[in-house]
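Take a look at the structure below.
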Amino acid sequence: MVFLPGNLDFLRAGGRVSNAAYIGGTLLKIKPLIELIDGKLVSTKKYQGKMLKVAKQMVQDYLAQYPIDREHIYLCYSLGLDEDIKAQMEQMVKDEGFQHVQWVEAGGVISSHAGPGAFGVAALEE
923 MVFLPGNLDF LRAGGRVSNA AYIGGTLLKI KPLIELIDGK LVSTKKYQGK
973 MLKVAKQMVQ DYLAQYPIDR EHIYLCYSLG LDEDIKAQME QMVKDEGFQH
1023 VQWVEAGGVI SSHAGPGAFG VAALEE
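For what it's worth, the numbering used here labels the leading residue of the sequence shown as 923, then goes sequentially.
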């Protein structure tokens, strides 16, 4: 599973991002990629730009990195994610050959790290 926070507010509030990194990241529209690795949430990469652009790039990178079973994919969101982004991301994964797309609202752990407007992807490897 991977996800992008909607903004850096919750990461700063939780002490995971310094004030300087928060200001710089916010001005430059940097969104850290958070991956679930061995049961831990780890920031592994940074994307720059608006949410739609970085969400598309994140999905492309995710699908290129892992041999994903094209039967099911789970798109994760927290409240506040723009409906247009949701629609475009769903169409993108359908165009990538996924048969079943299921939207899942983020729970407490993801929401407390990512805040409102977060987007994520989860799938099974072949």
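The C-beta atom is built at its ideal place from N, Cα and C for all residues, glycine as well.
Rounded C-alpha distance that separates residue i from residue j
i, j, result
"residue 866", "residue 1048", "Because residue 866 is not part of the residues shown, which for the chain are 923 to 1048, the question remains open."
"residue 942", "residue 1019", "41 Å"
"residue 980", "residue 936", "24 Å"
"residue 946", "residue 985", "29 Å"
"residue 924", "residue 949", "23 Å"
"residue 939", "residue 933", "6 Å"
"residue 1017", "residue 989", "17 Å"
"residue 961", "residue 1031", "12 Å"
"residue 1024", "residue 997", "6 Å"
"residue 1013", "residue 978", "11 Å"
"residue 955", "residue 976", "10 Å"
Segment limits, beta strand (DSSP E) that includes residue i
i, result
"residue 1027", "1022-1027"
"residue 997", "994-999"
Residue i in three-state terms, based on DSSP
i, result
"residue 1048", "coil"
"residue 985", "helix"
"residue 1030", "helix"
Extent of the continuous alpha helix (DSSP H) run through residue i
i, result
"residue 1007", "1005-1017"
Distance between beta carbons of residue j and residue i, contact taken as under 8 Å
i, j, result
"residue 999", "residue 1027", "6 Å"
"residue 991", "residue 1045", "7 Å"
"residue 926", "residue 1009", "Contact flag wrong, Cβ pair sits at about 17 Å."
**Prompt:** Considering only residues of the region 924-977, which uninterrupted alpha helix (DSSP H) runs meet the minimum length of 4 residues and lie entirely inside it, listed in chain order?
**Reply:** 931-935, 941-949
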